[in-house]
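In the working numbering, the protein residues as written are 7 to 235.
Each residue gets a CB set at the ideal place from its N, CA and C atoms; glycine is no exception.
Pasting the structure below:
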């Protein structure tokens, strides 16, 4: 379930400040510009990333045990960019597990109308320092097994029709306060959502942009990884 945005606002006084506006824009888009460009040549039009994906969130708290979601992605082209709507269904994980049982659990999270630029990069929420509040049931938390409440922002990049990745900003606010700075996410296309058919994060595909798969994932063991450099 999606929570409310925490909105940041600025009050302008005096004369217009073009340089200040430029500096603000550069600050707001810094994370987007730091992400790798798509590995594939998209030829002026973004790849269609609509479909079902396995999305994993590797928190800096314990990146070896990522949270996992079935992600239904709906991409609508607009000009050279587009809009992306995500529906994230948390998957159950036993404590300290990355592959068991991975059955749907808890409420789904819907993130609508994310603006994607012509380079395949996007952020939600769009503004730097603006966060969305999310809750994930403890049954989907393989690190502690506790319910999680977070305020976060994620910044992503389409790498191919079958793989997206990026970084997570923000904080865990329950059960304990903790920074998520340095956390990452990735999502890989799947042909089947059956638990036994899902690829295994870290083993079958990366949880960040450091090793973008050469081809999309369909089942465990079928994905090769390569360097983005």
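DSSP links residue 61 through a beta bridge to 75 and 193. Annotation: residue 195 to residue 183 spans about 33 Å, alpha carbon to alpha carbon. By the neighbour-count definition (other C-beta atoms within 10 Å, threshold 16), residue 118 is an exposed residue. In the three-state scheme derived from DSSP, where H, G and I count as helix and E and B as strand, residue 212 is classed as coil. Our two residues, residue 202 and residue 56, have alpha carbons roughly 22 Å apart in a direct line.
A direct Cα-Cα distance of roughly 24 Å separates residue 172 from residue 111.
Annotation: the region 100-173 contains the following complete segments of the beta strand (DSSP E) (minimum length 3 residues), in chain order: 107-110, 115-122, 127-130, 137-142 and 154-166.
In the three-state scheme derived from DSSP, where H, G and I count as helix and E and B as strand, residue 201 is classed as helix. A residue is called buried when at least 16 other Cβ atoms come within 10 angstroms of its Cβ; residue 146 meets this threshold and is buried. No Cβ-Cβ contact shorter than 8 Å links residue 163 with residue 188.
Taking the C-beta atoms as reference points, residue 156 is found nearer than 8 Å to residue 177. When rounded, the separation of the alpha-carbon atoms in residue 219 and residue 139 is 30 Å. Sequence-distant Cβ neighbours of residue 67 in its own chain, meaning closer than 7 Å and more than five residues away, are 149 and 184.
Between residue 165 and residue 213, the alpha-carbon positions lie close to 13 Å from each other.
The shortest CA-to-CA distance from residue 121 to any of 61, 133 and 115 is the one to 133. Nearest in C-alpha terms to residue 82, of all of 73, 58, 75 and 53, is 53.
Remark: C-beta atoms of residue 98 and residue 191 do not approach each other more closely than 8 Å. Scanning 69, 78, 59 and 73 for the CA closest to the CA of residue 154 turns up 73. Annotated as distal: residue 90 and residue 199, with beta-carbon spacing of 8 Å or more.
Distances from the alpha-carbon of residue 51 to those of 174, 58, 180 and 87 put 87 closest. In this structure residue 204 touches residue 108 by the C-beta definition: roughly 6 Å separates them, less than 8 Å. The closest CA to that of residue 105, considering only 174, 210 and 160, is found on 210. For the 8 Å CB-CB criterion, residue 193 and residue 161 do not form a contact.
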